[in-house]
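Protein chains in written order, with the numbering used here: chain A, 1 to 194; chain B, 195 to 456.
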């Protein structure tokens, strides 16, 4: 049982390596909890667990993905403890909501990109998404994890990951474009394929 | 919506990510060219991806770390490292030996404290040393030590001024005529090596005389591990004499040593 523990220098390396992901982990925790105190707690818990189980981490595999998995597992356990389950996520109602208005979007990505309020708008739109969609979209488009890594972090099948990403993105774009829809009408073909 | 739309929509995540194989990508592309509703959906999906990728670095860095979070996480790592170091330290073979030695020393020191209270423990401990010393440090056959030299050793090493019973041919000692030879004076490991050990031989049997400096005990005689132990105090020191359990062959020699030591 002792042999698997990393040597002291390994443990120091592990600690230094893990700590370089502190900022993005905290940003991710903020999107999960939407509350600074909870996010802080969650990240600290994640590091305590990561160091405690560092012997289970095999070198050469993705430390960043491993830390994100611990973060999400910890968050799920807390939510379960708080009996605020996420069962409703893939229910028909959410699916309908995610399908959104079938119509043309009110703005183009290029024009949205030029907004001075883009960062705040994106943040707000993300935070408005149902938890499961926000998590999947964030892990894919901001953190650039693979579908398989995300499936492991969220503890759902890859197919579910892909459909959550799709729906989350569509909802996000609708929210973003809707926020200026009344001000800037756009030509019909602008929402077409890119 | 055409029957194919559902299948195409399921591929849009990968289409937007650019992770589709060429043939699938071409298929999705053909469908989107022909299907305006799916084109709208694909536009939203690609648009969201494009915006998020463009802002990813800023989004990830948008949350300033709470003060103290980094140092608390670092501390979590440090306490874990210390634990790991301790684990490794134990697992090293050289360290296992050192730890075993340390335990023996500590236990030995403890024993020396305890034996001050108990004659039986003292007898057992010194009997063990008696056997060990004769096995390991018996001088060459026929070689003896001068009493004056032994006294000098006791003075130099222990600051003890003790009269060491000299070798005797038995005639001068009288009373039974058993010859006694002083073989060696050495430092015994008992009580952190502060106990002088005088090794004698009489009638082919081993006899040990230990001197416990500055100790005073009531006289006692007992048998432990096949040896007879005599304990007495004289002149502010305690003497312990170890002889075979069957004392007859060395009775007068033991008496002589006991009487002469002071």
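Virtual Cβ for every residue (Gly too), placed ideally from N, Cα, C.
Contacts of residue i in chain A (Cβ-Cβ under 7 Å)
i, result
"residue 220/B", "None at all; the shortest Cβ gap to chain A is about 13 Å."
"residue 249/B", "118, 119, 122"
"residue 243/B", "141, 169"
"residue 443/B", "Near residue 443/B there are no residues of chain A at all, since even the closest Cβ is about 55 Å away, more than 7 Å."
"residue 403/B", "Going along chain A, no residue has its Cβ under 7 Å from residue 403/B, so there is no contact; the nearest lies around 48 Å."
"residue 228/B", "In chain order: nothing, as chain A lies at least about 11 Å away."
"residue 207/B", "162, 165, 166"
"residue 214/B", "Ordered by position in chain A, no residue passes the 7 Å Cβ test against residue 214/B, which lies about 11 Å from the chain."
"residue 257/B", "26, 27, 30"
Under 8 Å by beta carbon: chain B residues contacting residue i
i, result
"residue 197/A", "Beyond the ends of chain A as shown, which are 1 and 194, falls residue 197/A; an answer cannot be given."
C-beta contact flag for residue i and residue j at 8 Å
i, j, result
"residue 165/A", "residue 136/A", "yes"
"residue 375/B", "residue 432/B", "no"
"residue 22/A", "residue 264/B", "yes"
"residue 206/B", "residue 235/B", "yes"
"residue 255/B", "residue 50/A", "no"
"residue 444/B", "residue 372/B", "yes"
"residue 210/B", "residue 240/B", "yes"
"residue 455/B", "residue 403/B", "yes"
"residue 244/B", "residue 105/A", "no"
"residue 388/B", "residue 331/B", "no"
"residue 174/A", "residue 69/A", "no"
"residue 238/B", "residue 64/A", "no"
"residue 271/B", "residue 58/A", "no"
"residue 354/B", "residue 434/B", "no"
"residue 401/B", "residue 356/B", "no"
"residue 138/A", "residue 126/A", "yes"
Expected contact under 8 Å - CB spacing of residue i and residue j to nearest Å
i, j, result
"residue 248/B", "residue 113/A", "6 Å"
"residue 33/A", "residue 74/A", "That pair is no contact at about 11 Å."
"residue 447/B", "residue 397/B", "7 Å"
"residue 29/A", "residue 43/A", "5 Å"
Residue i to residue j span [Cα, whole Å]
i, j, result
"residue 37/A", "residue 203/B", "39 Å"
"residue 223/B", "residue 217/B", "10 Å"
"residue 422/B", "residue 359/B", "19 Å"
"residue 279/B", "residue 11/A", "Unreliable placement is indicated for residue 279/B, whose pLDDT of 45 sits below 50; the coordinate value is still reported in the next sentence. Taking the straight line joining both Cα atoms gives about 9 Å."
"residue 407/B", "residue 335/B", "30 Å"
"residue 35/A", "residue 267/B", "19 Å"
"residue 232/B", "residue 198/B", "10 Å"
"residue 325/B", "residue 345/B", "23 Å"
"residue 146/A", "residue 258/B", "26 Å"
"residue 417/B", "residue 349/B", "30 Å"
"residue 40/A", "residue 140/A", "22 Å"
"residue 122/A", "residue 144/A", "17 Å"
"residue 117/A", "residue 128/A", "16 Å"
"residue 176/A", "residue 55/A", "44 Å"
"residue 201/B", "residue 160/A", "15 Å"
"residue 230/B", "residue 107/A", "17 Å"
"residue 284/B", "residue 437/B", "Summary for residue 284/B: the model assigns pLDDT 45, below 50, so the residue's position carries little reliability, and this model does not support an answer."
"residue 168/A", "residue 133/A", "5 Å"
"residue 347/B", "residue 380/B", "8 Å"
"residue 394/B", "residue 405/B", "14 Å"
"residue 18/A", "residue 67/A", "8 Å"
"residue 130/A", "residue 31/A", "11 Å"
"residue 286/B", "residue 300/B", "Legend: pLDDT at residue 286/B = 48, less than 50; position of this residue unreliable, no value from coordinates given."
Interface residues of chain B facing residue i [CB-CB closer than 7 Å]
i, result
"residue 48/A", "270"
"residue 109/A", "241, 244, 245"
"residue 36/A", "260"
"residue 112/A", "245"
"residue 172/A", "242"
"residue 133/A", "In chain order: nothing, as chain B lies at least about 11 Å away."
Proximal residues of chain A, C-beta to C-beta of residue i below 9 Å
i, result
"residue 254/B", "23, 24, 27, 28, 142, 143"
Within chain A, the residues that residue i reaches when beta carbons sit closer than 8 Å
i, result
"residue 264/B", "19, 22"
"residue 407/B", "Near residue 407/B there are no residues of chain A at all, since even the closest Cβ is about 45 Å away, more than 8 Å."
"residue 439/B", "Within chain A, no residue comes near residue 439/B; the closest Cβ sits about 47 Å away, beyond 8 Å."
Distance cut-off 7 Å: residue i Cβ against heavy atoms of the ligand ZN
i, result
"residue 375/B", "Absence of the ligand ZN from the depicted structure is noted, as is the absence of any ligand whatsoever, leaving it without description."
Task: Residue ranges of each alpha helix (DSSP H) within the stretch 223-259 of chain B, 4 or longer - done: 230-254
Task: alpha helix (DSSP H) segments (min. 4 residues) lying fully within the stretch 409-442 of chain B - done: none
- [ ] List in chain order: all unbroken alpha helix (DSSP H) runs of 4+ residues lying wholly within the stretch 317-361 of chain B.
- [x] 341-352
Task: In chain order, each alpha helix (DSSP H) run of at least 4 residues that lies wholly inside the stretch 140-185 of chain A - done: 147-154, 158-181
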